[in-house]
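In our numbering, the protein residues as written are 1 to 284.
Structure, rendered in structure tokens:
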């Protein structure tokens, strides 16, 4: 009888754990973060970015995102906007929603290339999403510039297939720069990082993070840099550091499960210097 009861309790625990993981995959939070950048032009004080990464096959929350209209200056998509066998109509609807909030810039992720990439790019274009494939964009305000660089995920060759980081125009090397890249491990191939802020995703924060065990069967880099805000050495002669944000992303890979790694969207407000990242607020 005791053994039977123990078996029932164990089965109930497994069911509860599975339900928690399924529920976690269906929820999301909106993280609001103030980020202070040393070289940010005064005209960009308070500039607001909506960062969305790793949507995969999920439907973006229309009501929540529609409420942001008029409050966001730019939308950045950090790759994996869809995946193989995900309905293209869903991608179209998600892109249309984001484009209604503000100008959208995107980079590819590895799962975008596993889908019908020609159709993916066509849908982005028809919704006015600017795809950045190893190129710089000058964001202008009051005759000052904030540079945005999009790093394309390699179609072939793994991480060795990344193209060189595009140079900024002559004379702009010390101006404020944001780099948008899907996989943060891209940083490991650089001897110096000429940027003030790097935005990425890919990791899902581990997606399923078990108590005590934590992250298993992942490369050492991702154990250290799984999700959140970090400082990364620029590697130049100034000894300054870039801010690195790794998002847990909105969707899931392989199975619709999450545990202790909540899905998230981000509102980033750029500030001029005081003391680094000043505040992170979570909105359920």
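For glycine and all other residues, C-beta sits at the position ideal for the given N, C-alpha and C.
What do you get for residue i, buried or exposed, if any count of 16 or more other CB atoms within 10 angstroms of its CB means buried?
i	result
residue 169	exposed
residue 264	buried
residue 66	exposed
residue 94	buried
residue 270	buried
residue 224	exposed
residue 258	buried
residue 171	exposed
residue 238	exposed
residue 218	exposed
residue 167	exposed
Could you pull the start and end residues of the beta strand (DSSP E) that residue i belongs to?
i	result
residue 141	135-141
residue 199	197-200
residue 241	241-246
residue 178	177-181
residue 269	264-271
residue 229	228-233
residue 29	29-36
residue 48	48-52
residue 76	74-77
residue 151	144-151
Just to confirm before moving on: does the CB-CB distance between residue i and residue j stay below 8 Å?
i	j	result
residue 184	residue 246	yes
residue 176	residue 41	yes
residue 83	residue 108	no
residue 58	residue 250	yes
residue 254	residue 54	no
residue 47	residue 73	yes
residue 104	residue 128	yes
residue 117	residue 268	no
residue 174	residue 39	yes
Which residue marks the beginning of the alpha helix (DSSP H) containing residue i, and which one marks its end?
i	result
residue 190	No alpha helix (DSSP H) holds residue 190; DSSP gives it neither H nor E.
residue 107	Segment: none, residue 107 is in no alpha helix (DSSP H) and carries neither H nor E.
residue 123	117-126
residue 224	220-224
residue 62	62-66
residue 91	88-99
Of the choices the options, whose alpha-carbon is the least far from that of residue i?
i	options	result
residue 149	230, 106, 229, 56	106
residue 138	146, 132, 131	146
residue 241	179, 67, 230	230
residue 78	198, 45, 62	198
residue 165	179, 101, 87, 226	179
residue 64	268, 171, 91, 101	101
residue 186	75, 222, 208	222
residue 70	88, 91, 99	99
residue 188	167, 252, 232	232
residue 228	200, 252, 126	200
residue 89	167, 126, 76	126
Keeping to the same chain, check which residues put their C-beta closer than 8 Å to that of residue i; ignore five residues upstream and five downstream.
i	result
residue 236	192, 194
residue 266	30, 31, 32, 33, 49, 50, 51, 52, 245, 247
residue 37	176, 196, 197, 243, 270, 271, 272, 273
residue 161	154, 155
residue 86	56, 57, 115
residue 113	153, 155
residue 190	165, 235
Report all residues from its chain with a CB closer than 6 Å to the CB of residue i; omit the five preceding and five following residues, and keep chain order.
i	result
residue 43	141, 142, 144
residue 163	134
residue 202	182, 183
residue 60	94, 97
residue 262	29
residue 45	272
Enumerate in chain order the residues of its own chain whose CB-to-CB distance from residue i is below 7 Å, with the five nearest sequence positions on each side excluded.
i	result
residue 62	97
residue 124	95, 106, 131
residue 91	81, 82, 120, 123
residue 68	50, 101
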